[in-house]
Amino acid sequence: MAPPTSRTFDDLVAEGAAVPTEGWDFSWFEGRATEARPSWGYARALGGRLAGAGAVLDVQTGGGEVLDFALGTAAPGRPALLVATEGWPPNVAKATALLRPRGVPVVASPDDAPFPFADGAFDLVVSRHPVVPHWSEIARVLAPGGTYFAQHVGPASVFEVVEFFLGPQPEESRDARHPDGERADAEAAGLEVVDLRAERLRMEFHDISAVVHFLRKVVWMVPGFTVEAYRDRLRELHERIEAEGPFVAHSARHLIEARKPRR
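Each residue of the sequence shown is one higher than the last, beginning at 1 in the UniProt record's numbering.
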C-alpha cells in the first residue's frame, strides 16, 4: 500500500484541474498514474511503416505527438507526401506548431466530416485512438493495395473509473468499439482485415489529481465532468486511494491493419 500523500484533497483537485489538456502528451501523469503499453509498440511500428510509404494520411492526430515520434524513428526516409487532420481547435494549433517544422501540414477537419481529400490519394492511412473510425472514408481515400494501420480504443476501456462516477453501464456501452465489430465494419466498407490484435492493460491512479486531469482530458469517459459536479465522489475516491493505495483500472486497445484490394 502506498503511504498517504501529505497534500490535501483540495490541493490535489486544484492541481489536476489546472493542467492544460491540449494534445496527447501524457508525461504529466508520471509519478501520478501508470498504464501498461500494448506489446506491439504502435508508435515505433508506425515509424517503420512511414519509411516505406509514399503518400500518408494521419487521421485525428491529436497534438501530433505520436506522428512526431514516429517520424523521428523512421529510417531510412520519410514519405514524399504526409498530411495530418485534427478536429479540435486547441489540438490543431498544438499539432501545427509541432509538425510544421517537419514539413507536415495539419488540416482542420471535424472528426465526423468526410475527409477533404481525393479518392485514392494515399497508400497508407494511420490513426491512433480515433474517436470513431470512418471506414467508408478510409476506404475511399486509400489507393488500391493501400493499407490502414491504426491503434484503436477497445470495449469497456477504463470502465472501472467510468462506473465509479456514473454507476453500472448498459451492456451495449460495454460492447461498443469491440474489435470484432470493427472488423465487420471495415469489411463492409470493402477492406480486408489482415491483422487484428487486442489487449487489456493495467492502469493505476496514485492520487486524485491524476483522476481529475484524466477525466478533463479524456472527455468522453464521464461526459460533462466538472470538479464541482462530482466533488463528493472525488472526495470518496481520494479517501479510498489514501486508505487502500492506487485505484486500479484497465484500458482496452487493439491494433488493426486493413488493406484495400487492388481490384
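A virtual CB, placed ideally from N, CA and C, is assigned to each residue, including glycine.
**OP:** Per DSSP, which residues does Arg253 bridge with? Please list them.
**Re:** For the purposes of this step, residue 253 is taken as residue 253 along the sequence shown, with counting starting at 1. Arg253 pairs with Val153 and Glu199.
Original post:
Just reading off the alpha helix (DSSP H) that Val13 is part of, what are its end residues?
Top reply: Translated into the one-based positions of the sequence shown, residue 13 becomes position 13. Val13 -> alpha helix (DSSP H) spans Phe9 to Ala18.
Subject >> Residue environment, Thr96, which counts as buried when at least 16 other CB atoms sit within 10 Å >> reply: Looking up residue 96 in the sequence shown gives position 96. Buried is the call here.
**OP:** With distances taken Cα to Cα, identify the nearest neighbour of Asp175 among Val161, Glu192, Gly154 and Asp185.
**Re:** By 1-based counting over the sequence shown, the position of residue 175 is 175. Looking at the Cα atoms, Gly154 is the closest of the given residues.
Original post:
Counting only beta-carbon atoms, is Pro144 nearer than 8 Å to chain D?
Top reply: Chain labels in this structure do not include chain D; a single protein chain is all it has.
Original post:
Can you give the beta carbon distance from Lys260 to Thr21, rounded, assuming they're within the 8 Å contact cut?
Top reply: Locating residue 260 in the sequence shown gives position 260, counting from the first residue. Locating residue 21 in the sequence shown gives position 21, counting from the first residue. With 8 Å as the limit, Lys260 and Thr21 do not qualify as a contact, their Cβ atoms being about 35 Å apart.
Original post:
Could you give the uninterrupted runs of the beta strand (DSSP E) lying entirely in the UniProt domain "Methyltransferase type 11" (57 to 149), keeping only those of 3 residues or more?
Top reply: 81 to 86, 106 to 108 and 122 to 128
Original post:
When the Cα of Val92 is compared with those of Ala80, Ala18 and Val59, which residue comes out closest?
Top reply: Taking the first residue of the sequence shown as 1, we reach residue 92 at position 92. It is Val59 whose Cα lies nearest to the Cα of Val92.
Original post:
Grouping DSSP H, G and I as helix and E and B as strand, with all else coil, what is Val161?
Top reply: Here residue 161 refers to the residue found at position 161 when the sequence shown is read from its first residue. The answer is helix: DSSP assigns Val161 an H, G or I state.
Original post:
In the structure shown, what three-state DSSP assignment does Glu30 receive?
Top reply: Residue numbering aside, residue 30 sits at position 30 when the sequence shown is read from its first letter. Three-state result, Glu30: coil.
**OP:** Determine the contact status of Leu49 and Leu124, defining contact as a CB-CB distance below 8 Å.
**Re:** Numbered from 1 along the sequence shown, position 49 holds the residue referred to as residue 49. Numbered from 1 along the sequence shown, position 124 holds the residue referred to as residue 124. A small correction: the amino acid at residue 49 is Arg; Leu does not occupy that position in the sequence shown. Against a cut-off of 8 Å, the Cβ pair of Leu124 and Arg49 comes out as a contact.
**OP:** Would you identify the three-state DSSP class for Phe214, choosing helix, strand or coil?
**Re:** What you label residue 214 is simply residue 214 of the sequence shown in a count that begins at 1. The answer is helix: DSSP assigns Phe214 an H, G or I state.
**OP:** Would you check if the distance between the CB atom of residue 273 and the CB atom of Arg177 is smaller than 8 Å?
**Re:** Here the chain covers residues 1 to 263 and nothing more, so residue 273 does not appear.
Original post:
At a cut-off of 7 Å, is Glu35 close to the ligand ATP when judged by its beta-carbon and the heavy atoms of the ligand?
Top reply: With respect to the ligand ATP, the structure shown offers nothing to examine, as it has no ligands at all.
Subject >> Residue range of the alpha helix (DSSP H) that includes His238 >> reply: Locating residue 238 in the sequence shown gives position 238, where the first residue counts as 1. Note, His238: alpha helix (DSSP H), Arg231 to Glu244.
Subject >> DSSP beta-bridge partners of Ala55 >> reply: Here residue 55 refers to the residue found at position 55 of the sequence shown. Answer is Leu81.
Original post:
Using DSSP with H/G/I as helix, E/B as strand and the rest coil, what is Glu171?
Top reply: Here the question's residue 171 lines up with position 171 in the sequence shown. It is helical.
Original post:
In angstroms, rounded to a whole number, what distance separates the CA positions of His213 and Arg183?
Top reply: Taking the sequence shown and counting its residues from 1, one reaches residue 213 at position 213. Taking the sequence shown and counting its residues from 1, one reaches residue 183 at position 183. Approximately 32 Å between the Cα atoms of the pair.
Subject >> Top-ranked residue by Cα proximity to Glu35, from Glu172, Pro110, Glu199 and Val227 >> reply: For this step, residue 35 is matched to residue 35 along the sequence shown. Selected option, being the one with the closest Cα: Glu199.
**OP:** Evaluate Val11 with the Cβ neighbour count: other Cβ atoms within 10 Å of its Cβ, from every protein chain shown; 16 or more gives buried, anything less gives exposed.
**Re:** Position 11 of the sequence shown, counted from the start, is the residue given in the question as residue 11. The sequence given here places Asp at residue 11; Val does not occur at that position. By the neighbour-count rule (16 or more Cβ atoms within 10 Å), Asp11 is not buried but exposed.
Original post:
In terms of DSSP beta bridges, what is Val248 paired with?
Top reply: Along the sequence shown, read from residue 1 onward, the residue named residue 248 stands at position 248. Glu204, per the DSSP bridge assignment.
Original post:
Under the three-state reduction of DSSP, which class applies to Arg44: helix, strand or coil?
Top reply: Numbered from its first residue, the sequence shown carries residue 44 at position 44. It is helical.
Original post:
Around the C-beta of Ala18, are 16 or more other C-beta atoms found within 10 angstroms, so that it is buried, or is it exposed?
Top reply: What you label residue 18 is simply residue 18 of the sequence shown in a count that begins at 1. So Ala18 ends up on the exposed side.
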